[in-house]
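Novice:
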Amino acid sequence: MIDRGIDGGIDCAIVLGTGLGRIIDDMVDPISVPFEEIPGFPKGSVSGHAKRLSYGVLHGKRVLVFEGRAHFYETGDPAIMRVPLGMLAAFGSPPLVLTNAAGSLRPDLRPGSLALITDHINYNGPNPLVGDVGDGRFVPMIDAYDPHLRARLKKAAAASGANMGEGVYMWFSGPSFETPAEVKMAKMLGADLVGMSTVPEVILARRYGLRVAGISIVTNMGAGILGGAPSHGETRDVAATATTALRRVLRSFLTEL
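Numbering (my numbering), first residue to last: 25 to 281.
(1) Nearest to Gly214 by alpha carbon, out of Val273, His144, Arg271 and Gly238?
(2) Would you list the one or two residues that DSSP bridges to Asp143?
(3) In the DSSP assignment, what residue or residues form a beta bridge with Thr123?
(4) Measuring only the C-alpha atoms, how far is Val56 from Ile62?
(5) Identify every run of the beta strand (DSSP E) within the stretch 93-137, keeping only runs that are complete inside it and at least 3 residues long; order them along the chain.
(6) Rounded to a whole number of angstroms, what is the C-alpha to C-alpha distance between Ala126 and Val242?
(7) Helix, strand or coil for Asp156 per DSSP?
(8) Over what stretch of residues does the beta strand (DSSP E) that includes Leu82 continue unbroken?
(9) Among His172, Val226, Pro199 and Val157, whose alpha-carbon lies nearest the alpha-carbon of Met165?
(10) Any C-beta of chain C sitting closer than 8 Å to the C-beta of Phe162?
(11) Keeping to the same chain, check which residues put their C-beta closer than 8 Å to that of Leu153; ignore five residues upstream and five downstream.
(12) Where does Ser184 fall in DSSP's three states?
(13) Spatial neighbours of Leu112 within its chain, please: C-beta separation below 6 Å, excluding the five flanking residues on both sides.
Set out below in structure tokens:
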């Protein structure tokens, strides 16, 4: 598939977070292959991810969709997504839209809503570029989330009638959820969202020269904000219900891309 199926080029790539697999339903005649059949690809072990790479026409554009991702907490390797992102760079560095499920630290970002990521905080610490050689590893992270792509996504959200906020995303390693004390700390440090992915991918993507945008699907409030305990089942279920709004945004975004 990778050698033959993508000979027409890629207009955009999308990484789907937990519970967002229905996005692929809108793709025309997709060609799909499981991650485990692609040399060097991480297999992934998290429920709520189809673990496939799909290519086809989505709202008039040639789109490559990663139906799921591998996470740091699965292996302890922050560079676990190096091969998929390096492959994407080899196919002409199309714009990349990363999606994830996240916890909210703000009352206006409620479960089921969308939030455009404006910046991130690498609270977890490990960097996927550790061990790289050469000056290319010293990647500037100003505007890591491409302002042009962000503007287009905000315009797409408005045009599609989707409610999309924006905020700073803080990466925690997982797989355990954050404690109430950690949530308080995250708020003090300027975070609006917390989650277990995306940040290492953004760092790698910028290393490869990819333009990146990120969208969080708010699946729960941070621990201690409303009471109750978050769960992976809740993450899957709420993300699935928010897929309709995300599909509308992506339809408008890709149509105008």
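Beta carbons: idealized from backbone N, C-alpha and C, even for Gly.
Specialist: A quick look at the data gives this:
(1) The count along the sequence shown starts at 1 and reaches residue 214 at position 190. Residue His144 is the option with its Cα nearest to Gly214.
(2) Here residue 143 refers to the residue found at position 119 when the sequence shown is read from its first residue. According to DSSP, Asp143 bridges with Val192.
(3) For this step, residue 123 is matched to residue 99 along the sequence shown. Partner(s): Ile239.
(4) Here the question's residue 56 lines up with position 32 in the sequence shown. Here the question's residue 62 lines up with position 38 in the sequence shown. Rather than Val, the amino acid found at residue 56 in this sequence is Ser. If I take the Cα positions, the gap works out to 11 Å.
(5) 120-128
(6) The sequence position of residue 126 within the sequence shown is 102, counting from 1. The sequence position of residue 242 within the sequence shown is 218, counting from 1. Cα to Cα, the separation comes out at about 5 Å.
(7) Numbered from 1 along the sequence shown, position 132 holds the residue referred to as residue 156. Three-state result, Asp156: coil.
(8) In the sequence shown, the residue the question calls residue 82 occupies position 58. Here the beta strand (DSSP E) through Leu82 covers Arg76 to Leu82.
(9) Taking the sequence shown and counting its residues from 1, one reaches residue 165 at position 141. With distances taken between Cα atoms, Met165 lies closest to Val226.
(10) Here chain C cannot be found, since the structure has a single protein chain.
(11) Within the sequence shown, residue 153 is the residue found at index 129, counting from 1. If we look at Leu153 and ignore the five residues flanking it on each side, its Cβ neighbours are Ala103, Arg161, Val163, Ile227, Leu228 and Arg231.
(12) Here residue 184 is taken as the residue at index 160 of the sequence shown, counted from 1. Of the three classes helix, strand and coil, the one that applies to Ser184 here is helix, per DSSP.
(13) Locating residue 112 in the sequence shown gives position 88, where the first residue counts as 1. Here the set comprises Ala37.
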